[in-house]
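Residue numbers (my numbering), protein chains in the order written: chain A, 1272 to 1630; chain B, 1272 to 1630; chain C, 1272 to 1630; chain D, 1272 to 1630. Backbone N, C-alpha and C define an ideal beta-carbon position, used for all residues, glycine too. Report on the following structure.
Number of protein chains: 4
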Amino acid sequence: MHPSNNKANRVAVVGASGYGGIQLVRLLKNHPEFNVSFLGGQRTAGNHWNDITPFLKLESDYIIQRPDPEEISKCSDFALLSLPNGLSSQLTPELLNRNVRVVDLSADYRYRSLRLWKKIYSSESEKFSRNDDLICSEAVYGIPEWNQNEIKSAKLVACPGCFPTASLLPLLPFLKQGLIDTDSIIIDAKSGTSGGGRDPKEHLLLAECSESIAPYSVLEHRHTSEIEQIATSIAGKPIELQFTPHLLPMVRGLLSTVYARLRDPGLTSDDCSVVLEAFYRNYKTIDILPVGCYPSTKWVRYTNKASISVQVDTRNGRLILISAIDNLIKGQSGQAIQNLNLMAGYEQDLGLPLQTFYP
Amino acid sequence: MHPSNNKANRVAVVGASGYGGIQLVRLLKNHPEFNVSFLGGQRTAGNHWNDITPFLKLESDYIIQRPDPEEISKCSDFALLSLPNGLSSQLTPELLNRNVRVVDLSADYRYRSLRLWKKIYSSESEKFSRNDDLICSEAVYGIPEWNQNEIKSAKLVACPGCFPTASLLPLLPFLKQGLIDTDSIIIDAKSGTSGGGRDPKEHLLLAECSESIAPYSVLEHRHTSEIEQIATSIAGKPIELQFTPHLLPMVRGLLSTVYARLRDPGLTSDDCSVVLEAFYRNYKTIDILPVGCYPSTKWVRYTNKASISVQVDTRNGRLILISAIDNLIKGQSGQAIQNLNLMAGYEQDLGLPLQTFYP
Amino acid sequence: MHPSNNKANRVAVVGASGYGGIQLVRLLKNHPEFNVSFLGGQRTAGNHWNDITPFLKLESDYIIQRPDPEEISKCSDFALLSLPNGLSSQLTPELLNRNVRVVDLSADYRYRSLRLWKKIYSSESEKFSRNDDLICSEAVYGIPEWNQNEIKSAKLVACPGCFPTASLLPLLPFLKQGLIDTDSIIIDAKSGTSGGGRDPKEHLLLAECSESIAPYSVLEHRHTSEIEQIATSIAGKPIELQFTPHLLPMVRGLLSTVYARLRDPGLTSDDCSVVLEAFYRNYKTIDILPVGCYPSTKWVRYTNKASISVQVDTRNGRLILISAIDNLIKGQSGQAIQNLNLMAGYEQDLGLPLQTFYP
Amino acid sequence: MHPSNNKANRVAVVGASGYGGIQLVRLLKNHPEFNVSFLGGQRTAGNHWNDITPFLKLESDYIIQRPDPEEISKCSDFALLSLPNGLSSQLTPELLNRNVRVVDLSADYRYRSLRLWKKIYSSESEKFSRNDDLICSEAVYGIPEWNQNEIKSAKLVACPGCFPTASLLPLLPFLKQGLIDTDSIIIDAKSGTSGGGRDPKEHLLLAECSESIAPYSVLEHRHTSEIEQIATSIAGKPIELQFTPHLLPMVRGLLSTVYARLRDPGLTSDDCSVVLEAFYRNYKTIDILPVGCYPSTKWVRYTNKASISVQVDTRNGRLILISAIDNLIKGQSGQAIQNLNLMAGYEQDLGLPLQTFYP
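Structural data, given as structure tokens:
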């Protein structure tokens, strides 16, 4: 299980001062097999990590550096990129060329088609020139509970973000089995504000978003197409769905409430719970709750778990799936480490927190 | 407009120490035409109001009394009842007999059929004996923007609560016009914790519900039947819908995200916005937002307003309605005063707060 | 009471899009005697107010303009300046020259000595050239409960901010009477995050400051010198004190806990409560609570009130004063209107909210 | 270091369903050397732990039992008691008689004098009969950084709560060295609401305490005498101090801001920082921050750490100490395990979380 060559465990974290980066450093610090080898950043380059992050000191007091591929490749076997959309595509090809395997937390390699990416991420596309079609087509979309074999051998894993993770995990077993009307899917999602990142924006101020809930990007959220792409690929037929995100007054946590029509309205909640359990029984990262018990995001905070519950309205054959995750762990950095574990030959949940504190 | 006989303005508040009661006292204190004449309560009976509510002192320092119908009728023309479900039914008939007109904030008179109430509120039905079928059938369900004429002359108004108010206001115009598939309605609702009342319960502790979101009463929430009853009556045909409430980490505010299929998929967002504007243009209590602008609950906090927005997904003809209210004002006590205004012959928004502070 | 010439009631608000400005517009909108005549701003100039502030629409849909003194003077009798420190000093002399009376919410005119201002606000002093010594020396520091006569005739009122207001109101009566050891004063203050303004900063993000408390600017907060200046002037002898602010996870509200030694340790809590009542009995803006009852900031939220309580430890003769305000109303914009009321010849609390909603 | 006899590691948790108990179970679940052997509770007795705590499942699905000393002694070497004040004294003597070593999280054994306890905890004293003077006099007050040798051999450790822990840790080195005026100490403390426990009370509802700060038990908080007792014992002379707790709108975290006069006003912040470092340099549970860097409670959330900073006002020789802990870990259950580690012969920080997640 454990590779004898420890050298395979040197990990660069790029974008280290953002929320994604901080989680990555935190998780790697406690991980039994990986070591941080490089901390990269733009805004904070030149600073000592321990000075600007007194709550998360590292034994070696790194200086944060501008992310130079050559420098990274000298000291790292893996790179975890937690960068703004578009920026990652400027770095990833250079890293792959130098045999650094990459887990990318941005949206840059989540589409198999660069053309589609350019359409959805049009403003980034104008800012960053890209012609890495081939890399796009070979990148692996990393949901570790669904395609671990591809991930194990991947050079580049595109790590899904919080909304797709929370929404797809409960939905995919039903799509795979062909159990739901594919034009009936509605995802009503609710996220804490840390999902908006650490870069200061007015709408993320406590004064603005405390004591408030509002939807945003109705119809237009870019994760819609990402969720549709994966749902389509698992269902084997084209899927269009409704996705409405809401911003909640809390730091962490994401809840997806997913509605769909069962093709066979005779299926019960217990039947549907069995479907979920059958798919996920071997994964410590997924909890299927008893029918009638619904997850709170607090139950999975600071863990790499999804907690899922299912209910069926027998009056109308409508399926209701509830899924809770920590948006920065299972919805981002924990999942990145989960992918990294597989790439390095470990169990996928090695070193990841699976137990919350409460309350 | 203003009745010459000021006597018609004496108002008893029963259940004064709960959140509903406190709002009622607050709103009446600033109202130009009504005077508090009696403060009733069980748990706090015998206490001076000003001693136990130092943040909301009244000029006359009332002693809170057990609600005796005879006493109330001696000093009051109207009674606002903010009592637990079931308890109101023990008091209301006695008040009506003594010519006190009643606005009831509980669920006791929200169904035209007592039999239906007994089914839905079965535990209350076991605890409180009721045979006031006639009163049930004559009570008016008070949505002041929809049936002001009935309310004006009503002896008893059943005041809708927060979830039905926020959900029905955007939905009713489309049901009235026959514009949506009646079996396609999904209401995903999100509420602050003050909706759970002031009686201490573990799940409403800050330690439990801060930094957390969870659904509750999935499929089983009792407001489902109430919403269906009114929707059915306006649509003129039976409606079954999905209603999923969620508990949010905030004090006040309620957002309903409502999904439905348009019967004519050619309707645009602008068309649907016009539908809403046509229905509500004369009501200061309803704001229809421009297409593409979505309400935050913070925009209507501490006001008697609903802020509503509509969007249509032209890919699939799905209508998305967003509606934000303050659950304790427009979703409860403010709406009660709105009804009271009509019963007493005033403009329905007289003396009600229509402008939030921000942030 | 009411001036016959309504022209004296035209008010310009400069810095309208910040939290201070929004409160000013909100309060003026509901005020019976003042009208908004001009909305000024830098960042938002050129926008329609109603477009960017859909939660606070004005009947006349103003376009926000760069603040030109000539333009302001054409349409305004008063100007309320809610600008960053330093910027106000570039505008105020020009307005005064044009006979526009000014209430300034910044720190620019809070010191009688420009030299002291330049020392304390050294970075602003480098950025903005000032030689308006005379204006500084003639400006009135506006605590309306303490110097209403000066305020009434002032051309320029420097409106104190949240920390000085909450800390001085309970302390001044004891300083005035010479009841406390002047070297024993410790102010431990706690503020919501809206005090940090609307301009996005990392440390004010919900993700950063929710579920957290921390002190800041220990020893170094610039309000220390401002509090000392006023305390010294009322006490009639030099006062140095300790002031430690803390940032709390809430939007609004400020609590000051003030400790000092009584010169006569025989004074009781009741004696000290009488001292406070004697000073403030005629002011609706100040509530002195019964001994043993302590204010929550929630009791004064969205009001122009301070709620104050006093306690004495008879073991050691130490006085403890607790004072709660809404930092954006009584601690900022409400107090500005209170000053404006006096300048225009009205009762100081005219049109100001004095009653919170709860919870 | 590690006892060969694993039997010495069986731990009963009594009061398991409260916040203290939940933390204990959580920490023991991840501890390398201890095993939960018994879960005791009153209110939840008869329930399966895993049913009522779905977010913290144990591999052996315990049934919660009424705490019978005989049953506990059969399966346990240690008992951790997280019970209401008074109740612990009814169980502890029986457990000690049966050779079960006890860590008590209540106040029952925090005073060496039972008479003093009866005075301070007078209502509990009326409810629970006690004559265990001897046990009181022999119990060890467990601050593991200060008296580890006594703790190692103790039969009964009284574990200090959150306010004394956060306040004493920064203060004791200065008292021990005789560096401060002993009549000058003021502790202004701020706590999250989980410190009030899981038993539902109105003032702990989110609707009440969100968006609010207020002091409570001014002069009268029972921890005053407890802090004074320990401070007196370390200083070697009687100490009376001021202690004012405040309730904050957050789940977890406690910040103490401590003010005192230095006897030698020539001491600098750096000198005082050296004093702290000298005392705590060998303890991973204490972080002394660089001068000018102040802790946020968020930096130590979910950890068994105290983060401490010191500052001196050279104008007046006043010392300001800032101390942040997680009230339920270092302020309660983590500290209990820290004591348990010592009693069982391990390093005191074994198995305890020392690294927060952020944000």
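Item	Value
Neighbourhood of Ile1457 (chain B) by C-beta distance below 6 angstroms, restricted to the same chain and skipping five residues each side	Gln1513 and Tyr1530
Between the CA atoms of Arg1493 (chain C) and Gly1357 (chain C) - distance to the nearest angstrom	14 angstroms
8 angstroms contact criterion, which Ser1483 (chain B) and Met1521 (chain A) should meet: CB distance rounded	7 angstroms
Buried/exposed call for Ser1394 (chain B), threshold 16 Cβ in 10 Å	exposed
Contact list for Gly1526 (chain A) against chain B, beta-carbon separation under 8 angstroms	A quick correction: the sequence has Leu, not Gly, at residue 1526 (chain A). Near Leu1526 (chain A) (Cβ distances below 8 angstroms), the residues of chain B are Ile1484, Ala1485, Pro1486 and His1517.
Environment of Glu1421 (chain C) [buried if 16+ CB atoms lie within 10 Å]	exposed
Any chain B beta carbon closer than 8 angstroms to Pro1520 (chain D)	yes
Ile1501 (chain B): contacting residues in chain C (beta-carbon distance under 7 angstroms)	Going along chain C, no residue has its Cβ under 7 angstroms from Ile1501 (chain B), so there is no contact; the nearest lies around 28 angstroms.
Short CB-CB distance (under 8 angstroms) between Glu1497 (chain B) and chain A	no
Opening and closing residue of the beta strand (DSSP E) in which Ile1557 (chain C) lies	Ile1557 to Ile1559
Distance between beta carbons of Leu1427 (chain A) and Ile1406 (chain A), contact taken as under 8 angstroms	7 angstroms
Short Cβ contact (8 angstroms threshold) for Ser1580 (chain D) with Tyr1565 (chain D)	yes
Segment limits, beta strand (DSSP E) that includes Ser1594 (chain B)	Arg1589 to Ile1596
Local conformation of Asp1375 (chain C) per DSSP, three classes	strand
CB of Ser1488 (chain C) within 8 angstroms of CB of Pro1471 (chain C), strictly	no
Cβ shell of Leu1475 (chain A) (< 6 angstroms), same chain only, five flanking positions each side left out	Thr1464 and Gly1467
Unbroken alpha helix (DSSP H) run spanning Ile1334 (chain B), endpoints	Neither: Ile1334 (chain B) is in no alpha helix (DSSP H) and is coded neither H nor E.
Short CB-CB distance (under 8 angstroms) between Ser1567 (chain A) and chain B	yes
Minimum Cβ-Cβ distance from Leu1327 (chain B) to chain C less than 8 angstroms	yes
Within 8 angstroms, strictly: CB atoms of Val1282 (chain B) and Phe1349 (chain B)	yes
Under 7 angstroms from the C-beta of Val1489 (chain D): neighbouring residues of chain C	Tyr1565, Gln1582 and Ile1591
Nearest candidate by alpha-carbon position, reference Asn1418 (chain B), set B:Gly1563, B:Lys1398, B:Leu1440 and B:Phe1445	B:Leu1440
Interfacial residues, the region 1355 to 1374 of chain A to chain C, with Cβ spacing under 7 angstroms	none
Within chain C, the residues that Pro1630 (chain B) reaches when beta carbons sit closer than 7 angstroms	Tyr1290, Ser1465 and Val1522
Among A:Gly1312, A:Ile1600 and A:Ser1308, the one whose alpha carbon lies nearest that of Glu1330 (chain A)	A:Ser1308
Separation of Lys1423 (chain A) from Lys1596 (chain A), as counted between CA atoms	Residue 1596 (chain A) is actually Ile in this sequence, not Lys. Going by the C-alpha atoms only, they are around 24 angstroms apart.
Partners in chain A for Asn1587 (chain B), counting only beta-carbon separations shorter than 8 angstroms	Asp1454, Glu1511 and Gln1513
Own chain residues within Cβ distance below 6 angstroms of Gly1605 (chain A), not counting five before or after	Asn1575 and Leu1623
Contacts that Asn1301 (chain A) makes with chain D (C-beta to C-beta distance below 8 angstroms)	Gln1626
Within 8 angstroms, strictly: CB atoms of Arg1532 (chain B) and Arg1589 (chain B)	yes
Whole runs of the alpha helix (DSSP H) within the region 1460 to 1498 of chain B, excluding any shorter than 4 residues	1477 to 1480
Beta carbon proximity, Ala1283 (chain D) to chain C, threshold 8 angstroms	no
Listed by chain order, chain A residues near Leu1376 (chain C) by CB distance under 9 angstroms	None at all; the shortest Cβ gap to chain A is about 17 angstroms.
Per DSSP, cross-strand counterpart(s) of Thr1528 (chain C)	C:Asp1459 and C:Ile1593
Rounded straight-line distance, which links the Cα of Gln1609 (chain D) to that of Arg1523 (chain C)	38 angstroms
Cross-chain neighbours of Ile1457 (chain C) in chain D, by beta carbon under 7 angstroms	Ile1457 and Tyr1530
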